[in-house]
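The structure under discussion appears below in the form of structure tokens.
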């Protein structure tokens, strides 16, 4: 406890809060769609939010504390998108069975150590290039949002530039404060009065097994989560200098998916976007003290889960332009650093560029996300360039 108090910093606390804010506000609507596609009613949807908040809170807090590094977990947003279009033909109990099955595949992947071994074969410049490609659209979203709300985003961007120059550790905090102040002033303070104050309740449903659904939905859910979330999540840690063992992290997310599936915890994984916010210099200059952001995110996720309905309403009041700008601004430093690391070495530059471009393109084959194909194409390019011709 004394160690935590000694390492505590306001900037790390804010990084954890911003990660939770962006994680919820940017994709909670997709979770709603997935739950509705599964046949969930309003009470069951709240149970989903509570289970997801609890799962992310526990894994963020205890994994960050154990490994003394910012281990940030998340629900599988691409997995939720997949479920939203795939669950309409099966019962809710069979959908729970799909979640348990996908979690079991994740657990087996972690326990076997296979994922860790594969990731160790990927050169760091290619991992940085892939991560920069994943995050690139968030940087662009600043200026896309500015086209829709020039004053709000303009104020946030100017606040960032000024505070980055004067007090860089708290730049993101001031950006958040500026955005919230602008939104509340524009609404004359009426937004907060519309938020219900109530706790949700958990709804447990035992899984049922449909072989066709397990293969047709469960396997794609597993693949999408591993390629779209866990691969970039590991890249975040490696590019930030953390050598945290991957297999135990994957195992714990798989276990948590199995344990909370009957309550609506459909899939947990390593975070990429929100993890980048908690792993950079803006969180804290000392990498050894950034684990506080993981603890902070864990606490805020737990509070979000407990609050249920109220928290969902709270996150929904912020305009999409503010959330997009906040995410992009918070990730600017990470995008720049990963581009620098990816292109620094002449021998890897072309392969890294291919990785970056394929990832940015969003190309998808067989339902597997572009992050995977970016790494694959980059490795192939690197292997070909290293062939020695006689």
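Residue numbers (the working numbering): 16 to 405. Quick reminder that beta carbons are idealized off the backbone N, C-alpha and C, glycines included. Quick caveat: nothing in here was measured; it's all calculated off a predicted structure.
#1: Which of helix, strand or coil does DSSP assign to residue 88?
#2: Can you say whether residue 359 is buried or exposed, counting buried as having 16 or more other CB atoms within 10 angstroms of its CB?
#3: Check residue 310 in the structure and name its three-state DSSP category.
#4: Does residue 401 pass the burial test, meaning 16 or more other C-beta atoms within 10 Å, or should it be called exposed?
#5: In the DSSP assignment, what are the bridge partners of residue 285?
#6: Is it the case that the Cβ atoms of residue 390 and residue 145 are separated by a distance below 7 Å?
#7: To the nearest angstrom, how far is it from the Cα of residue 159 to the Cα of residue 172?
#8: Please state whether DSSP places residue 258 in a helix, a strand or coil.
#9: What are the start and end residues of each continuous alpha helix (DSSP H) run of 4 or more residues lying completely inside the stretch 171-226, in chain order?
#10: Return helix, strand or coil for residue 100, following the three-state DSSP convention.
#11: How big is the Cα-Cα spacing for residue 309 and residue 103?
#12: Assuming residue 40 and residue 87 are in contact, meaning their beta carbons sit under 8 Å apart, how far apart are those beta carbons, in whole angstroms?
#13: Does DSSP put residue 106 in a helix, a strand or coil?
#14: Given that a residue counts as buried once 16 or more other Cβ atoms are within 10 Å of its Cβ, and exposed if not, what is residue 100?
#15: Whose C-alpha, out of 128, 122 and 27, is nearest the C-alpha of residue 314?
#16: Can you list, in chain order, the residues of its chain whose CB lies under 7 Å from that of residue 253, leaving out five sequence neighbours each side?
#17: Just verifying my parser: in three-state terms, what is the DSSP assignment at residue 132?
#18: Rounded to a whole number of angstroms, what is the C-alpha to C-alpha distance between residue 182 and residue 369?
#19: So, helix, strand or coil for residue 16, using DSSP?
#20: Does the beta carbon of residue 251 sit closer than 7 Å to a beta carbon anywhere in chain D?
#21: According to DSSP, simplified to helix, strand and coil, what is residue 300?
#22: Grab me the residues of residue 109's own chain with a C-beta within less than 6 Å of its C-beta, minus the 5 sequence neighbours each way, in chain order.
Taking the structure as given:
#1: strand
#2: exposed
#3: helix
#4: exposed
#5: 88
#6: yes
#7: So the two alpha carbons sit approximately 13 Å from each other.
#8: coil
#9: 186-201
#10: coil
#11: 36 Å
#12: Their Cβ separation, rounded to whole angstroms, is 16 Å, which puts residue 40 and residue 87 out of contact at 8 Å.
#13: coil
#14: So residue 100 counts as exposed.
#15: Of the listed residues, the one whose Cα sits closest to residue 314 is 27.
#16: 139 and 142.
#17: helix
#18: 36 Å
#19: coil
#20: Although the question refers to chain D, the structure presented lacks it and comprises just one protein chain.
#21: coil
#22: Counting only Cβ-Cβ distances below 6 Å, and skipping sequence neighbours, we find 223, 225 and 228.
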